[in-house]
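Encoded as structure tokens, the structure appears first; notes follow it.
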Amino acid sequence: MKRWIGRTLIGIGLLHTVFAIMVFSPIWAALVREGLLNTVNRQLQREAAYWFLFFGFVVLLLGALIDWCEAQGSRLPAFLGWGLLAMTVVGVAVMPVSGMWLALIPAIGLIRQQTAPALKELA
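For the sequence shown, the tail end lands on 123 under the UniProt record's numbering, and the numbers increase by one without skipping.
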């Protein structure tokens with residue numbers, strides 16, 4: 001089994017994190033100047049910067065876990081692929097002009113990974 005699904009998610013997470021730092025750099029600079037603690041305080045742009053950055057970290061962690069499972073030769077649960085696909089479809093529907101489309105690749109890869117053994121058994 002090739003190790004590409006986790007690595008793809010790691011790449012997406014890295015892109016997301018770097019983009020968040022670059023695009024929201026003025027906001028991050030203000031937060032750092034203010035000492036970071038309790039600096040978001042229901043301010044929409046600061047909340048967006050925070051969640052955008054930390055979602056990138058979550059995608060990185062998920063990708064690292066999936067890559068580790070792929071390295072171990074472990075079969076990942078089907079719900080993971082279907083859940084990622086559902087999140088991606090909703091994300092694309094809500095925000096079509098975004099990078100959310102990239103998550104279709106690992107989502108479909110996870111689903112195919114689950115259905116491939118079943119298809120081999122049918123043959």
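Glycine included, every Cβ here is placed at the ideal spot set by N, Cα and C. Values in this document were obtained by computation on a predicted structure and should not be read as measured data.
Exercise. CB Thr17 to CB Pro106, shorter than 8 Å?
Worked result: no
For this session: Assuming residue 183 contacts Gly6 (C-beta within less than 8 Å), just tell me the rounded distance between them.
Result: Nothing in the structure corresponds to residue 183, since the chain is present only between 1 and 123.
For this session: Name the two residues that bound the continuous alpha helix (DSSP H) containing Ser25.
Result: It spans 25-33 - the alpha helix (DSSP H) in which Ser25 sits, taken as one unbroken run.
For this session: Could you tell me if Gly73 is buried or exposed, where buried requires 16 or more neighbouring beta carbons within 10 angstroms of its beta carbon?
Result: exposed
Exercise. Quick one: any contact between the region 102-116 and the region 73-93, if contact means 3 or more CB pairs under 8 Å?
Worked result: yes
Exercise. What do you reckon, are the CB atoms on Trp101 and Val89 nearer than 8 Å?
Worked result: no
For this session: Please state whether DSSP places Val92 in a helix, a strand or coil.
Result: helix
Problem set entry | Helix, strand or coil at Arg112 according to DSSP, with G and I counted as helix | Arg112 falls in the helix class under three-state DSSP.
For this session: Note down the Cα distance separating Arg33 from Arg42, rounded to an integer number of angstroms.
Result: 18 Å
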